Every structure is written in C-alpha cells, then in structure tokens.
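J.: So the sequences go chain by chain: A and B. Per UniProt numbering, the first sequence starts with residue 1, numbered consecutively. Per UniProt numbering, the second sequence starts with residue 1, numbered consecutively. Where a beta carbon is used, it is the ideal one built from N, C-alpha and C, also for glycine. Model, not experiment: these values are computed from the prediction. Questions regarding the structure given below will be posed in turn.
Number of protein chains: 2
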Amino acid sequence: MPDRMASSFSASDSSEIFARRLAASGDERLRQALVAAVAHLHTLVRELKPTSLEWRSFISFLTEVGHACDGRRQEWVLLSDLLGASALVEEVNTRRPKLATPNTVHGPFFRADAPELPLGSDISLDGIGERLAVAGRVQDLDGEAIAGAEIMTWQANSAGLYENQQPDLQPEFNLRGTFRTDDEGRFHYLTVRPAGYSVPDDGPVGGLLRKAGLPLRRPAHLHFMIRAAGFETIVTHLYDGSDPHLHEDAIFGVKPELVCHFERAAEKPSWWLDFTFVMARSKQGAQS
Amino acid sequence: MPDRMASSFSASDSSEIFARRLAASGDERLRQALVAAVAHLHTLVRELKPTSLEWRSFISFLTEVGHACDGRRQEWVLLSDLLGASALVEEVNTRRPKLATPNTVHGPFFRADAPELPLGSDISLDGIGERLAVAGRVQDLDGEAIAGAEIMTWQANSAGLYENQQPDLQPEFNLRGTFRTDDEGRFHYLTVRPAGYSVPDDGPVGGLLRKAGLPLRRPAHLHFMIRAAGFETIVTHLYDGSDPHLHEDAIFGVKPELVCHFERAAEKPSWWLDFTFVMARSKQGAQS
Numbered sequence: 001m002p003d004r005m006a007s008s009f010s011a012s013d014s015s016e017i018f019a020r021r022l023a024a025s026g027d028e029r030l031r032q033a034l035v036a037a038v039a040h041l042h043t044l045v046r047e048l049k050p051t052s053l054e055w056r057s058f059i060s061f062l063t064e065v066g067h068a069c070d071g072r073r074q075e076w077v078l079l080s081d082l083l084g085a086s087a088l089v090e091e092v093n094t095r096r097p098k099l100a101t102p103n104t105v106h107g108p109f110f111r112a113d114a115p116e117l118p119l120g121s122d123i124s125l126d127g128i129g130e131r132l133a134v135a136g137r138v139q140d141l142d143g144e145a146i147a148g149a150e151i152m153t154w155q156a157n158s159a160g161l162y163e164n165q166q167p168d169l170q171p172e173f174n175l176r177g178t179f180r181t182d183d184e185g186r187f188h189y190l191t192v193r194p195a196g197y198s199v200p201d202d203g204p205v206g207g208l209l210r211k212a213g214l215p216l217r218r219p220a221h222l223h224f225m226i227r228a229a230g231f232e233t234i235v236t237h238l239y240d241g242s243d244p245h246l247h248e249d250a251i252f253g254v255k256p257e258l259v260c261h262f263e264r265a266a267e268k269p270s271w272w273l274d275f276t277f278v279m280a281r282s283k284q285g286a287q288s
Numbered sequence: 001m002p003d004r005m006a007s008s009f010s011a012s013d014s015s016e017i018f019a020r021r022l023a024a025s026g027d028e029r030l031r032q033a034l035v036a037a038v039a040h041l042h043t044l045v046r047e048l049k050p051t052s053l054e055w056r057s058f059i060s061f062l063t064e065v066g067h068a069c070d071g072r073r074q075e076w077v078l079l080s081d082l083l084g085a086s087a088l089v090e091e092v093n094t095r096r097p098k099l100a101t102p103n104t105v106h107g108p109f110f111r112a113d114a115p116e117l118p119l120g121s122d123i124s125l126d127g128i129g130e131r132l133a134v135a136g137r138v139q140d141l142d143g144e145a146i147a148g149a150e151i152m153t154w155q156a157n158s159a160g161l162y163e164n165q166q167p168d169l170q171p172e173f174n175l176r177g178t179f180r181t182d183d184e185g186r187f188h189y190l191t192v193r194p195a196g197y198s199v200p201d202d203g204p205v206g207g208l209l210r211k212a213g214l215p216l217r218r219p220a221h222l223h224f225m226i227r228a229a230g231f232e233t234i235v236t237h238l239y240d241g242s243d244p245h246l247h248e249d250a251i252f253g254v255k256p257e258l259v260c261h262f263e264r265a266a267e268k269p270s271w272w273l274d275f276t277f278v279m280a281r282s283k284q285g286a287q288s
C-alpha cells in the first residue's frame with residue numbers, strides 16, 4: 001500500500017519526505033529554513049551515525065544548556081558564539097563599504113539598561129584597575145561628524161569579569177555606560193583597562209568545548225554599540241593589540257581593523273585610546 | 001600579520017578554521033562530531049543568510065524550548081522526533097535481520113519506573129475506553145521462545161492522552177506496566193484501545209511546526225520496550241491499521257511490519273490483538 005509506505009522513511013530519502021510535508025505552509029521563509037536545516041541535520045546523522053546512546057547524550061546536552069539559561073546567563077548565545085555561528089551571521093549580513101567600521105558578535109554580556117551618563121564620566125564604579133581614558137569620534141563615510149549618536153559601552157574589569165557575572169562582587173552597571181556624541185561627533189569617558197578572559201566554562205557549553213580542546217580565551221577588548229538615526233547600527237569590539245591570545249579568539253570576533261594599541265600616558269590616567277567609528281547610512285532608513 | 005588574520009574568519013573558510021582549532025583534542029569522536037556539525041551549521045548559515053534578527057529569533061526559540069523542559073516534559077525529544085531525526089537515528093543504527101522486529105523512536109512519554117505486574121493484569125486503572133486484550137509472544141529468529149523477557153508497555157488512553165500529560169486527571173501509571181514472558185515466551189494483559197492524538201502543540205516546538213504546516217497527528221499505537229539477556233533491546237510501536245493518519249505520522253515512526261489490525265471479539269473484551277516480537281541476538285552480548 002503506497003500511502004502506508006509514505007510515512008516510513010528510509011535513510012536515503014528522509015529529508016525529501018520531510019520537505020514534502022511542509023509544502024502547504026503559508027510562511028515561506030520558515031519553510032525554507034526548516035527544509036534547509038532538516039536536510040543538513042539528516043545528512044549529519046547519516047554521516048556520523050550516532051548510536052542511540054550518543055543521541056541521548058546530545059539531547060541531554062541540549063537539556064543542560066537550556067537549564068543553564070536564566071535572566072543573567074544566555075548559554076545558547078555562548079554556544080552560537082563558540083561554534084563561530086554568531087560571527088558568521090554577522091559576516092553574511094554585513095555588506096558595508098570597506099571604510100565603515102565592521103560589526104562583530106554581540107556577545108552574551110550586553111545589558112540594554114545601562115544608564116546614560118555625561119561625557120567624561122568614570123564608568124569604573126569600584127576604581128579597581130589601571131586607568132584608561134577612552135576618546136572617540138563618530139563620523140560618516142565622508143568624514144562628517146555624527147552629533148547625538150548613542151554610544152553604549154560594556155567591558156570586563158581588570159580581572160576579566162563582567163558585572164553581570166559577579167552580581168555580588170561588582171557594583172551594578174560597573175564598566176557600562178551610555179553616552180551621546182557632542183556637536184563634533186566626539187565622546188570621551190574614563191574606565192579601567194580590561195583584561196582578557198576565558199569564556200564561562202563552568203556551564204555545559206564551556207565544559208563540552210574544553211573537552212574538545214577548543215581555545216576558550218578571549219583577548220582583552222571593549223564592547224560598543226553605536227546608534228544614530230539613518231545609519232546602520234554598529235555592534236563591535238575594540239581589541240587590545242598587545243594581548244597574546246589575539247590570534248585565537250574563542251568567538252572568532254577579531255578583525256584587523258578593530259585591533260588597537262593602548263598608548264601609555266606620561267601622567268594619569270595611565271593609558272589612553274582614541275578611535276574613530278565610521279557609520280554607513282542604512283538602506284531605506286532601516287536599522288540592522 | 002598572518003597570525004592576527006588567522007582568527008578573523010571569512011564566510012568561505014569558517015568551518016575549516018574551526019576544525020583546525022580542534023586538531024589537538026583528545027576525544028576523537030567528539031572532535032569528529034563537532035567538525036561535522038559545525039561544517040553543516042556554517043553551510044546552513046551561508047545558504048540561509050539569516051539576519052541578526054532572525055538569528056536572535058532562533059536563539060529565543062532554543063531558549064523557549066529549554067525552558068519548556070521539566071521533569072515531566074522533554075521538549076528536545078519532541079523536536080528531535082518531529083524533525084525526523086529520532087527516526088533517522090534508529091534507522092542508521094538498526095541493522096537487524098529482515099525477520100526481527102524493527103525499532104522505532106522512543107518518544108517522550110516513556111517512564112522507566114512503571115510497576116511490574118502479573119500476566120493478565122488490567123493496566124487501565126480508570127477503566128475508561130473500549131476494552132482491548134493484548135497477547136503476544138517473544139521469540140528469537142529461529143522461532144524459539146524467549147522466557148523471562150521483560151515487556152514494558154505504555155500507551156495513550158481513549159482520548160489520546162498519556163498519564164504523565166494529565167497527572168491530575170489520570171491515575172499514576174495508568175496504561176503502563178512491566179510484564180515477564182512465561183516459559184513459552186508468552187505474555188498477555190488487558191487494556192483499552194488507544195486513540196491517536198496530536199503531539200503536544202502548546203509548547204514552542206509544536207507551535208513552530210504547526211506554523212510551518214507540518215502534520216502533528218500520530219496514528220493510534222501501543223509502545224513496547226522488550227529486553228532479554230543476550231538480545232538487542234526492542235523499542236517499538238504497534239499501530240492501529242484502521243487509523244486515518246497512518247500515512248502521515250508526525251514522528252515518521254510507522255513501518256509496515258508494525259501495522260496491526262485489532263480484531264473485534266464476539267464477547268468482552270471488545271477487541272483483541274496478538275503479535276509476535278522477534279528478537280535478534282546482540283553482538284558480543286552488548287545491548288543497544
């Protein structure tokens with residue numbers, strides 16, 4: 001009986017049978033994503049031939065990753081980052097002109113609610129670490145200043161830890177802030193020099209990838225999200241060019257044009273950094 | 001600087017860069033699985049070119065699936081089942097002789113702790129539904145009885161619901177039981193005829209796949225896990241051949257040799273079913 005057979009799929013035609021069932025779907029993009037994802041998933045199963053026990057281990061891993069997520073921890077973002085998927089999503093989406101500042105991955109430590117501060121503020125609320133003065137300019141591709149651009153910054157402390165990893169040890173919003181560029185497109189603030197760090201390896205994602213021998217270090221960096229009406233939002237990092245792990249960033253986020261050299265100052269603050277962010281106009285006013 | 005460039009991967013060589021980082025790993029199977037999975041994941045990203053917003057939606061979906069899992073609900077197994085992955089894992093693993101009973105997917109409703117009962121027991125603890133008498137025999141490929149084989153069965157009720165979906169409405173362990181075959185390899189028990197059902201569509205997995213137009217019905221069936229020392233464990237279904245959804249089982253679990261015809265009895269119980277399970281010897285004593 002042919003229609004009885006239709007639901008009994010064999011290893012060779014399984015993804016075609018899946019795709020056929022979706023044909024009537026109304027959401028074309030969802031259908032396209034599911035068909036492509038299932039084709040790869042089935043090919044992977046055929047290639048790897050996981051035993052039932054291995055598949056159950058995989059399900060257990062997903063379950064543990066799910067349970068590791070809470071309001072302060074996003075283990076799925078970490079997995080996406082460490083497998084290079086987040087960097088690749090940025091890569092296939094960013095079609096900016098060569099001179100515009102490129103995007104990198106967002107990372108799991110962003111908080112949207114960091115307070116807006118006056119220019120010149122010190123975002124190190126505990127004052128621990130080597131002092132760093134950050135100044136910068138936001139401009140368009142023609143070099144024209146972008147006034148009133150919103151600069152959100154977040155970073156690890158001098159021990160390589162973000163405040164939302166240490167809610168009991170660091171002050172809330174330590175090393176985070178939101179600024180606005182002045183009429184010349186400039187901004188500046190005080191902070192401390194961040195340390196590089198290992199990505200969290202106390203959860204299921206870090207545990208698995210450590211076991212696989214994957215480097216879990218991130219070179220020292222500052223995070224920035226820069227928004228201005230009519231321009232593509234920049235979500236990027238600035239890297240400390242002296243960090244020994246620059247060539248093996250755990251989340252594949254280093255791009256040569258984002259590597260900076262912190263300059264030693266003759267007097268306090270000890271270090272300074274000046275960087276120019278270049279924004280590309282958004283297509284049809286939409287922000288990415 | 002070449003080693004600075006090494007961590008900045010482009011869309012075309014991203015999975016090779018990932019694979020190279022894993023080369024020193026000690027766990028060869030894990031390395032193989034990660035390299036293959038990441039190659040497919042990166043190809044999928046290159047093919048679909050998800051926007052950042054779409055990728056965040058995907059991360060949100062994973063997060064919701066994770067949060068939908070608890071002690072009674074395994075949403076990851078459901079996802080694996082509905083994408084055909086679970087059926088395919090069984091398919092690539094089961095290399096049984098043609099006459100042995102094939103495996104199907106395990107499904108999310110199994111409980112390992114169902115009580116052991118004397119042969120002839122009634123596993124319908126609320127007595128609701130059309131009565132069904134199940135009898136069977138467990139034998140090897142030569143037709144020799146397997147005495148003392150463990151039969152675990154579980155099924156939905158006459159409304160298509162398992163007791164662990166309705167902890168407040170059905171008695172604990174309703175329509176579940178563990179039996180042992182007698183000296184002739186036979187077993188029998190009383191139950192009710194199960195109804196087909198829709199897989200749970202109130203969680204993120206069912207919600208997404210319903211939106212994609214995927215059939216979410218499972219034809220009526222009984223579940224069995226059969227274990228005996230020296231034989232490969234059978235985990236399988238017996239299907240009601242009269243079910244109109246037999247050709248579009250949501251989890252791709254129907255195989256022609258597992259389709260049964262419940263016979264109408266002249267007197268009570270109203271229906272009966274007799275099925276012979278054929279076990280293959282395990283390789284080197286290992287159970288799958």
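Along the chain, where does the alpha helix (DSSP H) that runs through residue 106/B open and close?
T.: Within the second sequence, numbered from 1, the residue matching residue 106/B stands at position 106. That residue, residue 106/B, is in no alpha helix (DSSP H); it is neither H nor E in DSSP.
J.: Distance cutoff 7 Å, beta carbons only. Does residue 13/B sit that close to anything in chain A?
T.: For the purposes of this step, residue 13/B is identified with residue 13 of the second sequence, where counting begins at 1. Taking Cβ atoms only, chain A never reaches closer than 7 Å to residue 13/B, which makes this a no.
J.: What separation, rounded to the nearest whole angstrom, lies between the Cα atoms of residue 18/B and residue 104/A?
T.: Here residue 18/B refers to the residue found at position 18 of the second sequence. Here residue 104/A refers to the residue found at position 104 of the first sequence. Between residue 18/B and residue 104/A, the C-alpha separation is close to 17 Å.
J.: Could you tell me which residues DSSP pairs with residue 35/A in its beta bridges?
T.: Along the first sequence, read from residue 1 onward, the residue named residue 35/A stands at position 35. Its beta-bridge partners do not exist; DSSP assigns none.
J.: Would a C-beta distance cut-off of 7 Å place residue 210/B and residue 201/B closer than the cut-off?
T.: As a working note, residue 210/B is residue 210 in the second sequence. As a working note, residue 201/B is residue 201 in the second sequence. Contact: yes.
J.: So residue 58/B is in the alpha helix (DSSP H); what residue range does that whole segment cover?
T.: For the purposes of this step, residue 58/B is taken as the residue at position 58 of the second sequence. Where residue 58/B is concerned, the enclosing alpha helix (DSSP H) stretches over 52 to 68.
J.: Between residue 77/B and the rest of its own chain, which residues show a CB-CB distance below 8 Å, the 5 nearest in sequence each way excluded?
T.: Locating residue 77/B in the second sequence gives position 77, where the first residue counts as 1. Within the same chain, residue 77/B has close Cβ partners 86, 106, 107 and 108.
J.: Taking three-plus beta-carbon pairs below 8 Å as touching, is the region 142 to 152 of chain B in contact with the region 209 to 228 of chain B?
T.: At 8 Å Cβ cutoff, the stretches touch.
J.: Using a cut-off of 8 Å between C-beta atoms, extract the partners of residue 59/B located in chain A.
T.: One-based indexing of the second sequence puts residue 59/B at position 59. Correct list: 74, 76, 77 and 80.
J.: Taking Cβ-Cβ distances below 7 Å as the criterion, which residues of the UniProt domain "Intradiol ring-cleavage dioxygenases" (126 to 277) of chain A are in contact with chain B?
T.: Going along the UniProt domain "Intradiol ring-cleavage dioxygenases" (126 to 277) of chain A in chain order, one finds 211, 212, 213, 214, 215, 246, 247, 248, 249, 252, 254, 255, 256 and 259 with a Cβ nearer than 7 Å to chain B.
J.: Check whether the Cβ of residue 111/A lies closer than 7 Å to any Cβ atom in chain B.
T.: Locating residue 111/A in the first sequence gives position 111, where the first residue counts as 1. No - not a single Cβ of chain B is within 7 Å of the one on residue 111/A.
J.: For residue 16/B, tell me which candidate among 34/B, 113/B, 102/B and 26/B has the shortest Cα-Cα distance.
T.: Looking up residue 16/B in the second sequence gives position 16. Comparing Cα-Cα distances from residue 16/B to each of 34/B, 113/B, 102/B and 26/B, the minimum goes to 34/B.
J.: Assuming residue 21/B and residue 215/A are in contact, meaning their beta carbons sit under 8 Å apart, how far apart are those beta carbons, in whole angstroms?
T.: For this step, residue 21/B is matched to residue 21 along the second sequence. For this step, residue 215/A is matched to residue 215 along the first sequence. Residue 21/B to residue 215/A, Cβ: 6 Å. Contact.
J.: To the nearest angstrom, report how far apart residue 59/B and residue 50/B are at their CA atoms.
T.: Counted from its first residue, the second sequence places residue 59/B at position 59. Counted from its first residue, the second sequence places residue 50/B at position 50. Near 12 Å, if we compare the C-alpha coordinates of residue 50/B and residue 59/B.
J.: Under 7 Å between beta-carbons, which chain B residues line up against residue 43/A? List them in chain order, please.
T.: Stepping through the first sequence from its first residue, residue 43/A is reached at position 43. Ordered by position in chain B, the residues that pass the 7 Å Cβ test against residue 43/A are 40.
J.: Flag this pair as yes or no: are the beta carbons of residue 246/B and residue 219/B separated by less than 7 Å?
T.: To locate residue 246/B, count along the second sequence from 1; it is residue 246. To locate residue 219/B, count along the second sequence from 1; it is residue 219. Against a cut-off of 7 Å, the Cβ pair of residue 219/B and residue 246/B comes out as a contact.
J.: Taking the alpha carbon of residue 260/A as the reference point, which residue from 221/A, 230/A and 233/A has its own alpha carbon closest?
T.: Within the first sequence, numbered from 1, the residue matching residue 260/A stands at position 260. The shortest Cα separation from residue 260/A among 221/A, 230/A and 233/A belongs to 221/A.
J.: Would you verify that the beta carbon of residue 50/B is, or is not, closer than 7 Å to some beta carbon of chain A?
T.: As a first step, residue 50/B is located in the second sequence; it is residue number 50 there, counting from the start. Yes, residue 50/B lies at the interface with chain A (some Cβ there is under 7 Å from its Cβ).
J.: Quick one: is residue 281/B near chain A, going by C-beta distance under 7 Å?
T.: Counting from 1 along the second sequence, the entry for residue 281/B is found at position 281. Chain A, which has no Cβ nearer than 7 Å to the Cβ of residue 281/B, makes this no.
J.: Between residue 47/A and chain B, is any beta-carbon pair separated by less than 7 Å?
T.: By one-based count along the first sequence, residue 47/A stands at place 47. Yes, contact with chain B.
J.: May I have the straight-line CA-CA distance separating residue 46/A from residue 121/A, to the nearest angstrom?
T.: As a working mapping, residue 46/A is identified with position 46 in the first sequence. As a working mapping, residue 121/A is identified with position 121 in the first sequence. Each residue's alpha carbon lies about 57 Å from the other.
J.: Roughly how many angstroms lie between the CA atoms of residue 99/B and residue 90/B, to the nearest whole one?
T.: The residue given as residue 99/B occupies position 99 in the second sequence. The residue given as residue 90/B occupies position 90 in the second sequence. Going from the Cα of residue 99/B to the Cα of residue 90/B covers about 17 Å.
J.: If residue 184/A sits next to residue 171/A, beta carbons under 8 Å apart, how far is it from one beta carbon to the other, in whole angstroms?
T.: Within the first sequence, numbered from 1, the residue matching residue 184/A stands at position 184. Within the first sequence, numbered from 1, the residue matching residue 171/A stands at position 171. Their Cβ separation, rounded to whole angstroms, is 31 Å, which puts residue 184/A and residue 171/A out of contact at 8 Å.
J.: Pairing CB atoms from the region 29 to 43 of chain B with CB atoms from the region 261 to 281 of chain A, are three or more of them under 8 Å?
T.: Counting Cβ pairs under 8 Å, fewer than three are found: no touch.
J.: In chain E, which residues lie less than 8 Å from residue 91/A when you measure between Cβ atoms?
T.: Although the question refers to chain E, the structure presented lacks it and instead comprises the protein chains A and B.
J.: Rounded to whole angstroms, what is the Cα-Cα separation between residue 151/A and residue 65/B?
T.: Start at 1 with the first residue of the first sequence, and residue 151/A comes out as number 151. Start at 1 with the first residue of the second sequence, and residue 65/B comes out as number 65. Using only the alpha carbons, I get a separation of about 34 Å.
J.: What is the DSSP secondary structure of residue 188/A, counted as helix, strand or coil?
T.: Start at 1 with the first residue of the first sequence, and residue 188/A comes out as number 188. It is a strand residue.
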